Amino acid sequence: ISASTIESIEPFQPPKDKRLSRRHYRPGFGLPVTIRVKPGPEGTIRGDFDPPRLSLVATAVLRFQVPGNEKPIRKFVGPLTRERAPAVLDLVEPLSVSGVHIGVAHPPVAADLSMPMLDMLEGMPKSGLEGFIMPFEGGVTEPRLEFLQPHVKGRIPVVFIHGLASDEGTWFDLINDLRACPFFQRYYEPWVYHYPTGASFLPASAMLRQSLRRIVKELDPDGEEKQLQNLVLIGHSMGGLHAKLQVVASGDHMWNAMATVPFDTVRMPQSVRAKIEPSLFFEPVTNVKRVVFIATPHQGSSLASLALGKIASLTVERPPELTAIHDQLVAENPGVLRPEFEEALPTTIQLLAPNSPLLEALYHLRPPCWVTIHNIIGVAHHTLRGERTDCVVSESSARHPGAISELDVKATHTGVHHKLTTIAEIERILRLHLVESGLRTVSR
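Okay, so the sequence shown: first residue is 83 according to our numbering, each after it adds one.
Below you can see the structure in the form of structure tokens.
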């Protein structure tokens, strides 16, 4: 990166965070540091898609300059008679520079790959609960696609989408381990999607579609960068449903699940129509080529229908703007919305109920042939009926008929994406993606 974009250099270790299970450190020459990057100008890719704190890995290496015009007698006498030479402090990227030359020695460059991850976690607002109870209240609850490092041409973005009552910090454990893999460092870069999880499910998915299309168009306007035409999405829990909504065509199915008449016949101002149409009628994001579902409730969760789920649903504050649109729609078009949608907008808890019409409509939407699906399912326990479950999503609900691979992991719902078995499976899938996308000829 350019020196002008550096906000600060942090030489101290950030505090430990329970969201990071393992540290990845390489001993060697130099001092591992963290570089904090200045926010980009508003309206630019950097300004709109960098996280609140963007931290990068670096190593500070001190070297002393030796005068180049030294006389032979001075060289013969040795360094003790030399005048003091200026020292230069270099900032080295240890992911691309593995060693340094010190005379005849070639020691490795020290690296602490986990240090910037901890620094970003320290500066990240914990918005999981706030985004669940008060979605779309501004600030940390606004939907936002974020880069975890500046985009490098030739790398494939992997977009991580968190689940209900969670935030992007839940992915840092897995991303920390992936970043320690040389093949991931060379061929991939992580993006994360942050969104409010309590309500506005379809608008949050629409925002992700819009962001993915904008980024690719601005980074590669001529469509020449093949890596940006082969994005990978990884979604945990409800994040898997958001991932699916990026790769399917809605047709009239989502609207028909809510209403009894065609969308075009409903009376509403044009501004309102333009506001809600992208959430209900959409086409696949064509540059997404692979999706990984992790503990995703394709057919809902029984917990959403129980008393606990209903109580949790009552705590969710519905977005004022969308509530006003809903009320206006009902007032001007009585009987147009189905009974379960007429009283109020559904929360995501209600959406995840097994009998949810919207969830059923989404389940029957099928990704196009160019999208490859993988599935990872948590099976730590058994239900009272004997079915395997992760304590939130049953095995049958987590299954997806279009998956070409399926892995069962002995883990609970909130822990499945932290398991080493899951991380190894993600590595396998990403290696496979390199080969099948034609971006690498062998998968070693």
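Here a beta-carbon is modelled for each residue, glycine too, at the ideal position from N, C-alpha and C. Values in this document were obtained by computation on a predicted structure and should not be read as measured data.
TODO: In the DSSP assignment, find the alpha helix (DSSP H) that holds Arg226 and state where it starts and stops.
DONE: The residue labelled residue 226 in the question sits at position 144 within the sequence shown. That residue, Arg226, is in no alpha helix (DSSP H); its beta strand (DSSP E) goes Arg226 to Phe229.
- [ ] Report buried or exposed for Asp304, applying the criterion of at least 16 other Cβ atoms within 10 angstroms of its Cβ.
- [x] Start at 1 with the first residue of the sequence shown, and residue 304 comes out as number 222. Within 10 angstroms of the beta-carbon of Asp304 lie fewer than 16 other beta-carbons, which makes it exposed.
Open item on the list: Quick check: what's the CA-CA separation for Ile459 versus Glu306?
Closed with: For the purposes of this step, residue 459 is identified with residue 377 of the sequence shown, where counting begins at 1. For the purposes of this step, residue 306 is identified with residue 224 of the sequence shown, where counting begins at 1. Distance between the alpha carbons of Ile459 and Glu306 is about 36 angstroms.
Open item on the list: With distance defined between alpha-carbon atoms, name the residue in Ala193, Ile243 and Gly251 nearest to Pro134.
Closed with: As a working mapping, residue 134 is identified with position 52 in the sequence shown. Checking every option, the nearest Cα to that of Pro134 belongs to Gly251.
TODO: Check whether the Cβ atoms of Thr87 and Asp201 lie closer than 8 angstroms to each other.
DONE: Within the sequence shown, numbered from 1, the residue matching residue 87 stands at position 5. Within the sequence shown, numbered from 1, the residue matching residue 201 stands at position 119. Their beta carbons are not under 8 angstroms apart, which means Thr87 does not touch Asp201 by this criterion.
Task: Buried or exposed by the 16-neighbour rule on C-beta atoms within 10 Å, applied to Ser178 - done: Here residue 178 refers to the residue found at position 96 when the sequence shown is read from its first residue. Looking at its Cβ environment, which holds fewer than 16 other Cβ atoms inside 10 Å, Ser178 is exposed.
TODO: Locate the alpha helix (DSSP H) running through Asp259, then write down its first and last residues.
DONE: Residue numbering aside, residue 259 sits at position 177 when the sequence shown is read from its first letter. Element bounds for Asp259: Phe254 to Arg261.
TODO: Could you check what DSSP says for Leu447 in three-state terms: helix, strand or coil?
DONE: The residue labelled residue 447 in the question sits at position 365 within the sequence shown. Leu447: coil per DSSP, three-state reduction.
Task: Residues that Asn457 bridges to, as DSSP identifies them - done: One-based indexing of the sequence shown puts residue 457 at position 375. For Asn457, DSSP records a beta bridge to Phe375 and Glu488.
Open item on the list: With the cut-off set at 8 angstroms, would you say Gln73 and Pro449 are in Cβ contact?
Closed with: In the structure as shown, the chain begins at 83 and stops at 526. Residue 73 is therefore absent and cannot be evaluated.
Task: Close-in-space but distant-in-sequence residues of the same chain around Gln309 (CB under 7 angstroms, 5 per side omitted) - done: Residue mapping note: residue 309 aligns to position 227 of the sequence shown, counting from 1. Counting only Cβ-Cβ distances below 7 angstroms, and skipping sequence neighbours, we find Gly236, Arg237, Ile238 and Leu521.
- [ ] Determine the burial state of Leu502: buried for a count of at least 16 other Cβ atoms within 10 Å of its Cβ, exposed for fewer.
- [x] Position 420 of the sequence shown, counted from the first residue, corresponds to residue 502. Exposed is the call here.
Task: Selection from Ser287, Gly129 and Val182 that minimises the alpha carbon distance to Gly110 - done: As a first step, residue 110 must be located in the sequence shown, where it is residue number 28. Checked all of Ser287, Gly129 and Val182; the closest Cα to Gly110 is Val182.
Open item on the list: Please identify the residue among Ala377, Val354, Gly205 and Phe131 whose C-alpha is closest to the C-alpha of Ser476.
Closed with: Numbered from 1 along the sequence shown, position 394 holds the residue referred to as residue 476. Per the Cα distances, Ala377.
Open item on the list: Given this structure, state the Cα-to-Cα distance separating Ser479 from Ser383, to the nearest angstrom.
Closed with: As a position in the sequence shown, residue 479 is number 397, starting the count at 1. As a position in the sequence shown, residue 383 is number 301, starting the count at 1. Roughly 7 angstroms between the two C-alpha positions.
TODO: Report the rounded CA-to-CA distance for Leu514 versus Val240, giving the unit in angstroms.
DONE: Your numbering for residue 514 matches position 432 in the sequence shown. Your numbering for residue 240 matches position 158 in the sequence shown. Rounded to whole angstroms, the separation of the alpha carbons of Val240 and Leu514 is 14 angstroms.
- [ ] Confirm, please, whether the CB-CB distance from Thr141 to Gly185 is below 8 angstroms.
- [x] Counted from its first residue, the sequence shown places residue 185 at position 103. Counted from its first residue, the sequence shown places residue 141 at position 59. Not closer than 8 angstroms, so no.
Open item on the list: Between which two residues does the alpha helix (DSSP H) holding Arg296 run?
Closed with: As a working note, residue 296 is residue 214 in the sequence shown. Counting along the chain, the unbroken alpha helix (DSSP H) around Arg296 starts and ends at Phe283 to Leu301.
Task: Contact between the segment 412-421 and the segment 337-345 (3+ Cβ pairs under 8 angstroms) - done: Taking 8 angstroms as the limit for Cβ pairs, the verdict is that the segment 337-345 does touch the segment 412-421.
Task: Cβ-based neighbour list, Glu359, same chain, cut-off 8 angstroms, excluding 5 preceding and 5 following - done: Walking along the sequence shown from the start, residue 359 turns up at place 277. Once the five neighbours on either side are set aside, the close Cβ partners of Glu359 are Phe345.
Task: Chain-order list of residues whose beta-carbon lies under 7 angstroms from that of Ile91 (same chain, five-residue window excluded) - done: The count along the sequence shown starts at 1 and reaches residue 91 at position 9. Hits under 7 angstroms: Val115 and Ile117.
- [ ] Can you tell me the Cβ-Cβ gap for Val234 and Leu313, rounded? I've got them flagged as a contact below 8 angstroms.
- [x] To locate residue 234, count along the sequence shown from 1; it is residue 152. To locate residue 313, count along the sequence shown from 1; it is residue 231. Not confirmed; about 15 angstroms, so no contact.
TODO: May I have the straight-line CA-CA distance separating Trp538 from Glu509, to the nearest angstrom?
DONE: The shown model of the chain, from 83 to 526, leaves out residue 538, and the question about it has no answer.
Task: Own chain partners of Leu388 with C-beta closer than 7 angstroms, once the 5 adjacent residues on each side are dropped - done: Position 306 of the sequence shown, counted from the start, is the residue given in the question as residue 388. Because the pLDDT of Leu388 is 47, which lies under 50, any placement of that residue in the model is unreliable, and the question is left without a value.
Open item on the list: Counting beta carbon pairs with one atom in the segment 320-339 and one in the segment 288-304, are three or more of them shorter than 8 angstroms?
Closed with: The segment 288-304 is in contact with the segment 320-339.
Open item on the list: Nearest by alpha-carbon distance to Gln267: which of Lys98, Leu195 and His499 is it?
Closed with: By 1-based counting over the sequence shown, the position of residue 267 is 185. The residue with the shortest Cα to Cα distance from Gln267 is Leu195.
Open item on the list: Please list the terminal residues of the continuous alpha helix (DSSP H) segment that includes Ser353.
Closed with: Within the sequence shown, the letter at position 271 stands for residue 353. Counted as a single uninterrupted DSSP element, the alpha helix (DSSP H) harbouring Ser353 occupies residues Gln352 to Leu362.
Open item on the list: For Thr503, report the span of its alpha helix (DSSP H) as first-last.
Closed with: Taking the sequence shown and counting its residues from 1, the one referred to as residue 503 is at position 421. Per DSSP, the unbroken alpha helix (DSSP H) holding Thr503 starts and ends at Leu502 to Glu518.
Open item on the list: Please return the same chain residues whose Cβ sits closer than 6 angstroms to the Cβ of Leu230, not counting the five positions on each side in sequence.
Closed with: As a position in the sequence shown, residue 230 is number 148, starting the count at 1. Around Leu230, the same chain offers Pro272 as residues with beta carbons nearer than 6 angstroms, after the five sequence neighbours per side are excluded.
Task: Limits of the unbroken alpha helix (DSSP H) element including Arg128 - done: As a working note, residue 128 is residue 46 in the sequence shown. From DSSP, the alpha helix (DSSP H) with Arg128 extends over Ile127 to Phe131.
- [ ] Could you give the DSSP three-state label for Pro198: helix, strand or coil?
- [x] For the purposes of this step, residue 198 is taken as the residue at position 116 of the sequence shown. Of the three classes helix, strand and coil, the one that applies to Pro198 here is helix, per DSSP.
Open item on the list: Can you tell me whether Asp132 is buried or exposed? The criterion is at least 16 other CB atoms within 10 Å of its CB, across all chains shown.
Closed with: Looking up residue 132 in the sequence shown gives position 50. Burial check for Asp132: the Cβ neighbour count within 10 Å reaches 16 or more, so the residue is buried.
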